[in-house]
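First comes the structure, then the notes that go with it.
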Amino acid sequence: MNNVIMLPKSLDDSDRNLDNLVQHYKNVFPFKTVDWSNFVWNVTGFVQDTARKAQSKKRLYFTQDNGLPNRVKQALEDMLPFHSSSLSEIAKCHICAKQIEKVKTVGNLQIKIGVYRYLDNELHKRNLPASSLTSRIFSDALQKAVNKLELSTAYRIGTHLNEISKFIDKHGLADVKIKFKSSLKRSQVQTESDTKMDAESITERSEKLPTQAVLMAVAKLTNMDLQGADRLYHAITEILFATGLRFDEVISLSVDCLYEKEIEELNQLTGALETYKFWELKYFSKKSQCVFSKVIAKSMVSIIKPAIDFVIDYQIPVRKVIKDIENNSYYNFFDEISGECLASDKAVYSLFASSRSNAATRLRKLGVKVKKDEDDNNSFLAEELQAVTSDLAASSIRKLWLELKSKTTSTCLSEMLFITQHQREHQIKSSNSWDFRLIAHTPYSDFMTGRITNTAEIKSIFERKNLLIDDKAFIVTSHQFRHFLNTICQLHEGITELEIARYFGRNYQADNQAYDHTNKVKIVMDNAQQILAANSITEDQAVEAMVNFTLVDSEEALEAIQNLSTTLVTSIGLCKHDFADSPCGKHYACLRGCSSYTRTKGDQIEIKELNRIIEQEKKHLIHAKESVAKEYWGSNNWLLSHQDLHDGCVKALSIEDDNNIDVGDTVQIFPEGNDSCLALEEENNSGSKGLLS
536 MNNVIMLPKS LDDSDRNLDN LVQHYKNVFP FKTVDWSNFV WNVTGFVQDT
586 ARKAQSKKRL YFTQDNGLPN RVKQALEDML PFHSSSLSEI AKCHICAKQI
636 EKVKTVGNLQ IKIGVYRYLD NELHKRNLPA SSLTSRIFSD ALQKAVNKLE
686 LSTAYRIGTH LNEISKFIDK HGLADVKIKF KSSLKRSQVQ TESDTKMDAE
736 SITERSEKLP TQAVLMAVAK LTNMDLQGAD RLYHAITEIL FATGLRFDEV
786 ISLSVDCLYE KEIEELNQLT GALETYKFWE LKYFSKKSQC VFSKVIAKSM
836 VSIIKPAIDF VIDYQIPVRK VIKDIENNSY YNFFDEISGE CLASDKAVYS
886 LFASSRSNAA TRLRKLGVKV KKDEDDNNSF LAEELQAVTS DLAASSIRKL
936 WLELKSKTTS TCLSEMLFIT QHQREHQIKS SNSWDFRLIA HTPYSDFMTG
986 RITNTAEIKS IFERKNLLID DKAFIVTSHQ FRHFLNTICQ LHEGITELEI
1036 ARYFGRNYQA DNQAYDHTNK VKIVMDNAQQ ILAANSITED QAVEAMVNFT
1086 LVDSEEALEA IQNLSTTLVT SIGLCKHDFA DSPCGKHYAC LRGCSSYTRT
1136 KGDQIEIKEL NRIIEQEKKH LIHAKESVAK EYWGSNNWLL SHQDLHDGCV
1186 KALSIEDDNN IDVGDTVQIF PEGNDSCLAL EEENNSGSKG LLS
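Be aware that the sequence shown starts at 536, since it is given in my numbering, and climbs by one per residue.
Dropping the structure here:
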């Protein structure tokens, strides 16, 4: 029998609709052990998560905005529920609906709760219940997100607000219909590879790709004799660089992930079977949630194989402990001690505690009985500590493998490449040998970029090895290597978009675009000679085209073409060209020395438009000069093109200050120019350098 309560399709009472919806999701609650009334839900075991977070507790926080900066944590005891209790109920229903539809990660669900907080702030500011939500409140919430976040993040907030508004309308949870649609478009937040030359786009690209200095520094680290945890973390860097895997895909690799494969193929000419050998890497794809394999180029094998071999050897002690527990369900972590021991003895407490003062406390937390003798000394039985820690280790292995077995190519936990013990690589804190987990992203990030905490400064490997640029440390992320390798593949003409998507384990071919940072303009110009030859265009004609036609993005070009249409009357003046004779050879270039261009002194529409273009070109010139200074490809043409347009506007406006010209007179601005509309034969005879019409 179906236990789902059918909700009324439509009621005029929004409060009653919400009560019915809450009752519905309480009956089909996907988080069985959670108390609905709590504003912090412990959903561990009910949600999916990444391999690196397999051991962490999974909580959902239906809490109000704490007003702290991004990534600043707040203590659990300081958290408060939503200002609007009714909105909190809606958010809980929505989270349940998404979880029932498909099991989500805790991060995916928490993002949606975070979007509800923007609405909660707006309702609190107006002192309104959730039933009073309107399109205006949604718009104001989106604007707050735009003011606070990067545009790419605010765009995603907008898509969630769209979904929330539809959820509220579908179930009649507001007094009025909410016809909200986010005004942010995906095209506004995407960086257009390297075709845009403005400073903002250059900065965005530089944040996604590792610089040449970073790549050289990584190579220097490979040639250094790194030891211990430094070598372990650098091995992760080498694997990321050589494979283009995501961090989660790297740490879930098995010890047998890299292998040499041999195949036989029939030679169609000789009829003989020929044997080919190549290296292949198997991994679990984070996006596709299945096992993938990729061929590793010979040049990369010399990087990745030593890295994997080191990790295998370095982690042997950890895997041996796990293997013993998997086979025997017991391991003695403290075979150095026996019988009754004093917790204050350094030789004893150093095995399980960081200091004498916290030894007894640590034992009690582990569940070991601690007794005090007549001299007030804390004592315990070594055999009890051994039994407790062995049980804890077995439990840790069992729980961790339950989380990881569907996210790796390994057949058991002891065969995972990056399995470790809690804080084993930490330089200061003592390790919990009975607590197992995968290498975490935080210590790896500390290794690569460093971090400043409230109590100390953690220096990156580049700082510690004095590999700096202008006395500054590198800024590099684990995902930059994936962007770099993807861009290298894009530059190879023989690799298709489909092959790139498959190689990087993507679900959709279109996902390549976010990782493609190739210079589209340069690729076209590298093949320019073939294009020119195919269209019978001379080199001189191509040079003039480069000077006359500015490099702009599609939206700006569309706007300009709409303003400067090929009619006789334009927003900047009149065109005297005879369109019946030939098409305009200076289309979108009237202000670049066209002899047919005229304008009327005192015309305010023309003056306003020319001033607008001048202000636009001033901004372009600033960015173009910065690009020239940084020696970006083609930036000199970019600078000359915008300077030409700027100077043309200034000359067109100069007639306003000429006392010899009366207001209302029509003036030819470039009497010495041409309109580049001569036919090819006519051009060759006359010696002019006009474009072919």
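Even glycine gets a Cβ: it sits at the ideal position worked out from N, Cα and C.
From this set, the options, which residue's C-alpha is nearest residue i's C-alpha?
| i | options | result |
| --- | --- | --- |
| Met983 | Ile625, Gln583, Gln1015, Ile954 | Gln1015 |
| Ile692 | Leu719, Ile851, Ser670, Phe1009 | Leu719 |
| Leu756 | Asn967, Ala882, Ile771 | Ile771 |
| His1231 | Val578, Tyr768, Trp1173, Glu998 | This structure leaves residue 1231 out entirely; the chain is present only between 536 and 1228. |
| Gly763 | Val557, Lys567, Glu960 | Glu960 |
| Asp1239 | Asn893, Ala888, Ser889, Ser879 | Only positions 536 to 1228 of the chain appear in the structure, and residue 1239 is not among them; the question remains open. |
| Met835 | Leu663, Phe819, Phe813 | Phe813 |
| Val830 | Asp859, Gln824, Glu797 | Glu797 |
| Lys1136 | Leu615, Phe1039, Ile1204 | Ile1204 |
| Ser965 | Gln956, Leu973, Arg972 | Gln956 |
| Thr579 | Met614, Ser864, Lys934 | Lys934 |
| Thr1022 | Val1011, Arg1134, Ile1035 | Ile1035 |
| Lys1007 | Ile996, Arg1017, Asn758 | Ile996 |
| Leu780 | Arg1037, Pro1206, Asp1192 | Arg1037 |
| Asn601 | Lys588, Leu595, Leu615 | Leu615 |
Check for me: the beta strand (DSSP E) holding residue i runs from which residue to which?
| i | result |
| --- | --- |
| Asp970 | 967 to 973 |
| Thr1135 | 1132 to 1135 |
| Asn577 | 575 to 577 |
| Val1202 | 1201 to 1203 |
What residues are listed by DSSP as bridge partners for residue i?
| i | result |
| --- | --- |
| Pro616 | Thr598 |
| Leu916 | Glu875 |
| Ile987 | Glu992 |
| Cys1110 | Tyr1132 |
| Ile1010 | For Ile1010, which the question treats as bridged, DSSP gives no partner whatsoever. |
| Ile1004 | Lys1007 |
| Gln583 | Thr640 |
Taking the continuous alpha helix (DSSP H) assigned at residue i, which residues delimit it?
| i | result |
| --- | --- |
| Thr955 | First-last for Thr955: 954 to 957, but that is the beta strand (DSSP E), not the alpha helix (DSSP H). |
| Gln1015 | 1015 to 1026 |
| Val753 | 747 to 758 |
| Trp1173 | 1170 to 1188 |
| Ala1164 | 1139 to 1164 |
| His1052 | From DSSP, His1052 is part of no alpha helix (DSSP H); its letter is neither H nor E. |
| His559 | 549 to 562 |
| Tyr1038 | 1032 to 1038 |
Beta-carbon separation of residue i and residue j under 7 Å?
| i | j | result |
| --- | --- | --- |
| Gln583 | Val638 | yes |
| Ile635 | Pro745 | no |
| Asn913 | Ala895 | yes |
| Thr810 | Glu799 | yes |
| Ser670 | Phe702 | no |
| Thr944 | Phe819 | yes |
| Val853 | Ile954 | yes |
| Asn552 | His706 | yes |
| His695 | Val650 | yes |
| Ser572 | Leu708 | no |
| Phe915 | Val923 | no |
| Ala929 | Ser864 | yes |
| Ala1159 | Leu1145 | no |
| Ala626 | Ile648 | yes |
| Ile786 | Ala586 | yes |
Run the proximity test for residue i: is its beta-carbon closer than 6 Å to any non-hydrogen atom belonging to the ligand COA?
| i | result |
| --- | --- |
| Tyr1038 | Among the components of this structure there are no ligands whatsoever, and the ligand COA is therefore not found. |
Counting only C-beta atoms, is residue i closer than 7 Å to chain B at any point?
| i | result |
| --- | --- |
| Ser968 | This model lacks chain B altogether, as it is built from one protein chain only. |
**OP:** Could I get the ranges of all uninterrupted beta strand (DSSP E) runs contained in the region 779 to 830, with 3 residues as the minimum, in chain order?
**Re:** Within the region 779 to 830, the complete beta strand (DSSP E) runs of at least 3 residues are 793 to 801, 808 to 820.
**OP:** Kindly provide the ranges of any alpha helix (DSSP H) runs that are 4 or more residues long and lie completely inside the region 655 to 734, ordered along the chain.
**Re:** Counting only runs of 4 or more, we get 670 to 683, 686 to 705, 721 to 724.
**OP:** Kindly provide the ranges of any alpha helix (DSSP H) runs that are 4 or more residues long and lie completely inside the region 833 to 918, ordered along the chain.
**Re:** List check, alpha helix (DSSP H) in window: 833 to 849, 851 to 863, 881 to 884, 894 to 901.
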